[in-house]
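Chains as they are written, first to last, in our numbering: chain E, 11 to 194; chain C, -7 to 179.
To start, the structure under review is shown below, and the notes come after it.
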């Protein structure tokens, strides 16, 4: 029985694509999780978003060779997923953020009271972030990731680098006003 | 923590970059470690996902049998599809009955004209057909004579006696005297 050449090529190509996707999972799953968590602020939702992102990659694995920057491409995919999920989900109460932050924040050298106070402070900051306009909020959230440069943030959001910088400037000013208003 | 020099958060471009702008909170959240075993769970989800995106697929038992004959099967399926389409088209075409002939209205034949007007059958005759008339010298002299004889004679003087003009003697024309004294030009 002779095996056709096309079948061999197809099988080899499929194995190569599987190996490439596995490498992407090992390399970028953590970064994608952090991006998803910064928006959703729920571990299980963030993990679901990461899995959905890689399932989309699996569906479009034929275009893997055409992608130049896999990291930016993957972050853009998971960013669209989490924005879509956040749009559909109802507004989370602030108490959820406080309890979740108290659970995930590093507690080394902090007493229980200090940890609770820090969690409340971070929850207030996140509440202020939620009050920002969408464009400024997106830039501010993405700029917190050390892996992403301004050019890469611009590529993820589909805007220019100068727009990223101007939006970040406005976001910081608005955040300062909101936090000061919260204190007084 | 944030060590990327190209990151806008690190550039310090904003006047409020610091604790008041909430950067530390966002960096803290952005730096949270991923849960353990995340990659394994993603691998498992990918393995459980359907491999092919095809909507129609062969049954599992039939797929293994026809894997090596897929080219032949594809060609046969394509031929069958072409046969069905062409046969259906021919069936429709052969059943079409020619309809009754419609009324034909004969329109008057239009005159081929470029500008919209016709010449009404007129034939243009050039003015050069009769040809030029050439006059000789003899006829010219005679014509001059004719003009001189045709001169109006001088008006007769009224008689001072008061005679009726009808009873007065008829004056001789001066032209006749001149023609009598002038030699004739004709031989």
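For every residue, glycine included, the Cβ atom is placed at its ideal position computed from N, Cα and C.
Model, not experiment: these values are computed from the prediction.
What residues in its chain sit with their C-beta under 6 Å from that of residue 52 of chain E, if we drop five residues either side in the sequence?
Working through the first chain from its first residue, we reach residue 52 of chain E at position 42. Answer for residue 52 of chain E: no residue qualifies.
Hey, out of E:144, E:95, E:177, whose CA is closest to residue 46 of chain E's CA?
Here residue 46 of chain E is taken as the residue at index 36 of the first chain, counted from 1. Residue E:95 is the option with its Cα nearest to residue 46 of chain E.
With a threshold of 8 Å between beta carbons, is residue 87 of chain C in contact with chain E?
Mapped onto the second chain, residue 87 of chain C falls at position 95. With 8 Å as the cut-off, residue 87 of chain C does not count as an interface residue toward chain E.
Mind pulling the chain E residues with CB within less than 8 Å of residue 41 of chain C?
The residue you call residue 41 of chain C lines up with position 49 of the second chain. Here the neighbours are 65, 68.
Flag this pair as yes or no: are the beta carbons of residue 160 of chain E and residue 139 of chain E separated by less than 8 Å?
Locating residue 160 of chain E in the first chain gives position 150, where the first residue counts as 1. Locating residue 139 of chain E in the first chain gives position 129, where the first residue counts as 1. Result no, Cβ atoms of residue 160 of chain E and residue 139 of chain E do not sit closer than 8 Å.
Would you tell me roughly how many angstroms separate the C-alpha atoms of residue 87 of chain C and residue 81 of chain C, rounded to the nearest one?
Along the second chain, one-based indexing puts residue 87 of chain C at 95. Along the second chain, one-based indexing puts residue 81 of chain C at 89. Their backbone Cα atoms lie some 10 Å apart in a straight line.
Would residue 37 of chain E be called buried (16 or more neighbouring beta carbons within 10 Å of its own) or exposed?
Along the first chain, one-based indexing puts residue 37 of chain E at 27. The residue in question, residue 37 of chain E, is exposed, as its Cβ has fewer than 16 Cβ neighbours within 10 Å.
Looking at C-alpha atoms only, which residue of E:32, E:40, E:74, E:76 is the closest neighbour of residue 38 of chain C?
Against the second chain, residue 38 of chain C aligns to sequence position 46. Looking at the Cα atoms, E:32 is the closest of the given residues.
Helix, strand or coil for residue 78 of chain E per DSSP?
Working through the first chain from its first residue, we reach residue 78 of chain E at position 68. In the structure shown, residue 78 of chain E sits in coil (DSSP, three-state: anything other than H, G, I, E or B).
Since residue 53 of chain E meets chain D, which of its residues come closer than 7 Å, beta carbon to beta carbon?
Structure shown: chain D not included; protein chains present are E and C.
Give me, in chain order, the residues of the same chain whose beta-carbon lies closer than 7 Å to that of residue 66 of chain E; leave out the 5 immediate sequence neighbours on both sides.
Mapped onto the first chain, residue 66 of chain E falls at position 56. These residues qualify, in order along the chain: 87.
If you run the structure through DSSP and keep just helix, strand and coil, what is residue 156 of chain C?
Taking the first residue of the second chain as position 1, residue 156 of chain C is located at position 164. With a pLDDT of 48 at residue 156 of chain C, under the threshold of 50, the modelled position of this residue cannot be trusted, and the question is left open.
In the structure shown, what three-state DSSP assignment does residue 128 of chain C receive?
The residue labelled residue 128 of chain C in the question sits at position 136 within the second chain. It is coil, neither helix nor strand.
Return the first residue and the last residue of the alpha helix (DSSP H) that residue 15 of chain C is part of.
Indexing the second chain from 1 puts residue 15 of chain C at position 23. Note, residue 15 of chain C: alpha helix (DSSP H), 15 to 22.
Taking contact to mean at least 3 C-beta pairs separated by less than 8 Å, is the segment 138 to 155 of chain E in contact with the segment 167 to 185 of chain E?
A contact exists between the segment 138 to 155 of chain E and the segment 167 to 185 of chain E.
Taking all protein chains shown into account, do 16 or more other C-beta atoms lie within 10 angstroms of the C-beta of residue 48 of chain E, making it buried, or fewer, making it exposed?
If you number the first chain from 1, residue 48 of chain E lands on position 38. It counts as buried.
Does the distance from the CB of residue 30 of chain E to the CB of residue 74 of chain E come in under 8 Å?
Your numbering for residue 30 of chain E matches position 20 in the first chain. Your numbering for residue 74 of chain E matches position 64 in the first chain. Yes. Within cutoff.
How about residue 154 of chain E: is its C-beta nearer than 8 Å to some C-beta of chain C?
By one-based count along the first chain, residue 154 of chain E stands at place 144. Closer than 8 Å to some Cβ of chain C, the Cβ of residue 154 of chain E qualifies, so yes.
If you draw a straight line from the C-alpha of residue 14 of chain C to the C-alpha of residue 20 of chain E, how long is it?
As a working note, residue 14 of chain C is residue 22 in the second chain. As a working note, residue 20 of chain E is residue 10 in the first chain. If you take the alpha carbons of residue 14 of chain C and residue 20 of chain E, they lie about 51 Å apart.
Where residue 191 of chain E and residue 129 of chain E are concerned, what is the direct C-alpha to C-alpha distance, given to the nearest angstrom?
Along the first chain, read from residue 1 onward, the residue named residue 191 of chain E stands at position 181. Along the first chain, read from residue 1 onward, the residue named residue 129 of chain E stands at position 119. Using only the alpha carbons, I get a separation of about 19 Å.
May I have the straight-line CA-CA distance separating residue -7 of chain C from residue 62 of chain C, to the nearest angstrom?
Mapped onto the second chain, residue -7 of chain C falls at position 1. Mapped onto the second chain, residue 62 of chain C falls at position 70. The predicted position of residue -7 of chain C is uncertain, since its pLDDT is 41 and thus under 50; a value taken from the coordinates is nonetheless stated next. If you take the alpha carbons of residue -7 of chain C and residue 62 of chain C, they lie about 56 Å apart.
So which residues of chain C does residue 114 of chain E contact, with C-beta pairs closer than 7 Å?
Your numbering for residue 114 of chain E matches position 104 in the first chain. Here the neighbours are 24.
Using only the alpha-carbon positions, how far apart do residue 17 of chain C and residue 66 of chain C sit?
For the purposes of this step, residue 17 of chain C is taken as residue 25 along the second chain, with counting starting at 1. For the purposes of this step, residue 66 of chain C is taken as residue 74 along the second chain, with counting starting at 1. Each residue's alpha carbon lies about 60 Å from the other.
Consult DSSP for residue 167 of chain E and reduce its assignment to one of helix, strand or coil.
To locate residue 167 of chain E, count along the first chain from 1; it is residue 157. DSSP places residue 167 of chain E in helix when its eight states are reduced to three.
Taking 8 Å as the limit between beta carbons, can you name the residues of its chain near residue 94 of chain C, skipping five residues before and five after?
As a position in the second chain, residue 94 of chain C is number 102, starting the count at 1. Same-chain partners within the cutoff: there are none.
Quick check: what's the CA-CA separation for residue 76 of chain C versus residue 69 of chain C?
By one-based count along the second chain, residue 76 of chain C stands at place 84. By one-based count along the second chain, residue 69 of chain C stands at place 77. Whole-angstrom Cα-Cα distance: 11 Å.
Under the assumption that residue 149 of chain E contacts residue 85 of chain E (Cβ atoms under 8 Å), give the Cβ distance between them as a whole number of angstroms.
Looking up residue 149 of chain E in the first chain gives position 139. Looking up residue 85 of chain E in the first chain gives position 75. Rounded, the Cβ-Cβ distance is 14 Å, inconsistent with contact.
Looking at the secondary structure, which residues open and close the alpha helix (DSSP H) in which residue 51 of chain E lies?
Reading the first chain from its first residue, position 41 is the one you call residue 51 of chain E. Residue 51 of chain E -> no alpha helix (DSSP H), and no H or E assigned at all.
According to DSSP, is residue 96 of chain C part of a helix, a strand, or is it coil?
On the second chain, residue 96 of chain C is found 104 positions in, with the first residue counted as 1. Residue state, collapsed to three classes: coil.
How many whole angstroms separate the CB atoms of residue 41 of chain E and residue 162 of chain E, which I take to be in contact at a CB cut-off of 8 Å?
Position 31 of the first chain, counting from 1, holds the residue named residue 41 of chain E. Position 152 of the first chain, counting from 1, holds the residue named residue 162 of chain E. Actually they are not in contact, since the Cβ atoms of residue 41 of chain E and residue 162 of chain E sit about 11 Å apart, beyond 8 Å.
What are the boundary residues of the alpha helix (DSSP H) that residue 99 of chain E is part of?
Against the first chain, residue 99 of chain E aligns to sequence position 89. Premise fails: residue 99 of chain E is in no alpha helix (DSSP H) and is neither H nor E.
Output the distance between the C-alpha atoms of residue 164 of chain E and residue 68 of chain E, rounded to the nearest integer angstrom.
As a first step, residue 164 of chain E must be located in the first chain, where it is residue number 154. As a first step, residue 68 of chain E must be located in the first chain, where it is residue number 58. Roughly 25 Å separates the two Cα atoms.
Along chain C, in chain order, which residues have C-beta atoms closer than 9 Å to that of residue 191 of chain E?
As a working note, residue 191 of chain E is residue 181 in the first chain. Per Cβ cutoff of 9 Å: no residues; residue 191 of chain E is ~11 Å from chain C at best.
Given a threshold of 16 other Cβ atoms within 10 Å of its Cβ, counted over all protein chains shown, does residue 188 of chain E qualify as buried or as exposed?
Along the first chain, read from residue 1 onward, the residue named residue 188 of chain E stands at position 178. So residue 188 of chain E counts as buried.
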